[in-house]
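In UniProt numbering, the protein residues as written are 1 to 340.
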């Protein structure tokens, strides 16, 4: 059974004492779970169908119109009156998600030209292609958060490894590492993305790989400083005299102290990753066209000033996510502060 050390319990108590950070953590977890279950909240397919004493689940399996008494061997349009009558005439019924639109569903029954204002059918209105804004925000926030989480994990692994090697061995390793880091940090990331987008169609993993090449630099200096300080401590010298390998010294004795300052940076790396992806989508160099994206929604708001609900929705979604992460980061910084 996992148990926290006395120091870990004190840090947890300090984190919980920061009510703003503590509740922000739970709100962010709830928001992330909500986005992960987007297909159960916003979907143009029924969650479940009961037809002729049989159960059907269109969100996980594909059925044809013939399965419900129709004539076409294609997946039916479940929102059409024809398919509804096919199912209800046999005493069946369909259970739809609270938002009967997916991120790419076009609403052809709008009373006004798109982008249309919020209505009882489209709670936050529609965008310029008649797609439900709330559904696109849910799926767009999921992509942004997953992108930021994966990028933060990759950046932490590379940055901690590079900083640990430079700080622990010093000398020539540190000198070469610092020069490489200075050159690498001077490369214009945005220009490289713009240039490369002319040769390769950008997608989730392509953007993640390019961003991971540069985002690891944020943690190197912090970890390097901790290892430079830690390698000269008495207990580390004693462990080396007892015959511990370099790997064991770094993992057991220096890395736990270095993680204290590293963990406080992670929420801010998350916010930077979300902001960067949003900016790239806004400029047109991010996710492929049609993908749900907060940055693409901001671009639509810029082109449609007569539809303020687009800009307000994107702003509120980004402000909420980034504010929660900043509050969590501040609480982590206070919890791991040695002076506390």
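By construction, the Cβ of each residue, glycine as well, lies at the ideal position given by its N, Cα and C atoms.
Ranked by Cα distance from residue 180, the options 213, 204, 81, 126 are led by 213. Remark: three or more beta-carbon pairs, one from each stretch, lie closer than 8 Å, so the stretch 223-234 and the stretch 152-170 are flagged as touching.
By the criterion of a C-beta distance shorter than 7 Å, residue 86 is surrounded in its chain by 68, 69, 70, once the five residues flanking it on both sides are discounted. Residue nearest to residue 54 within the set 250, 91, 22, 209 is 91 (criterion: CA-CA distance). Assignment of alpha helix (DSSP H) within the stretch 267-316, counting only whole runs of 4 or more residues, yields 294-303 in chain order.
Assigned with DSSP and collapsed to three states, residue 59 falls in coil, not helix or strand. Between residue 94 and residue 266, the alpha-carbon positions lie close to 44 Å from each other. Listed in chain order, the non-local C-beta contacts of residue 331 below 6 Å within the same chain comprise 15, 18, 21, local neighbours out to five positions each way being set aside. Residue 78 places its beta carbon less than 8 Å from that of residue 46. Annotation for residue 290: 104 place their beta carbon closer than 8 Å to its own, counting only its chain and skipping 5 residues before and after. Note that the stretch 188-203 does not touch the stretch 246-253; fewer than 3 beta-carbon pairs, one per stretch, sit closer than 8 Å. The shortest C-alpha to C-alpha distance from residue 308 to any of 334, 100, 204, 127 is the one to 127. Non-local beta-carbon contacts of residue 299 in its own chain, meaning distances under 7 Å to residues more than five positions away in sequence, involve 282 in chain order.
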